[in-house]
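Residues 223 to 337 in the working numbering are what the sequence shown lists, from first letter to last.
Read the structure below first, then the notes.
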Amino acid sequence: MTSKEILTFALKAISDRHGEDTAAYDMQGISILADYYVVTSASSNRQLHAIANAVIDEAHQVDYYDYRIEGSSESNWLLLDLGDVVVNIFTQEAREFYNVEKLWSAGKKLEIKED
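Written out as structure tokens, the structure reads:
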């Protein structure tokens, strides 16, 4: 599965669970860790975990099982490592505090089409 296909199913799952202020960055040729970085916000801890579960469910639907999750049920930030795509899901407060998007400023911010 290509990194673009992984990005597509991750963005679909985030949209389906109403992730807020979703941004994706193309880091191909810039980062050796991943081709794409995604960040989205959730209005509550419950929604944060629902978004993560939706991404994992979507991965399983397309027979993709190469992923790891960092964070716990108490976390205000979950990181889903999907190989060539890294998805960060934050509560709004945690996203503002950590401001991880500054790390990807060298990448190209992608236009995300909402359904």
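Quick reminder that beta carbons are idealized off the backbone N, C-alpha and C, glycines included.
Taken in chain order, the unbroken stretches of beta strand (DSSP E) that lie wholly in the stretch 239-279 and span 3 residues or more are 242-248 and 258-264. The beta carbon of Leu304 sits closer than 6 Å to those of Ile228 and Tyr289, all from its chain and outside the five residues before and after it, given in chain order. The Cβ atoms of Ala276 and Ala316 do not sit closer than 9 Å to each other. Rounded to whole angstroms, the gap between the alpha carbons of Glu323 and Val261 is 8 Å.
If you draw a straight line from the Cα of Tyr259 to the Cα of Asp243, it comes to about 14 Å.
The Cβ neighbour count for Tyr247, taken over all protein chains shown within 10 Å, is at least 16; the residue is labelled buried.
At least 9 Å separates the beta-carbon of Ile334 from that of Ile273. In the three-state reduction of the DSSP assignment, Lys335 falls in the coil class, being assigned neither a helical nor a strand state.
When beta bridges are read from the DSSP output, Val309 appears opposite Val260 and Leu302.
Beta-bridge partners assigned by DSSP to Glu292: Leu301. Val284 and Tyr320 have their alpha carbons spaced roughly 32 Å apart.
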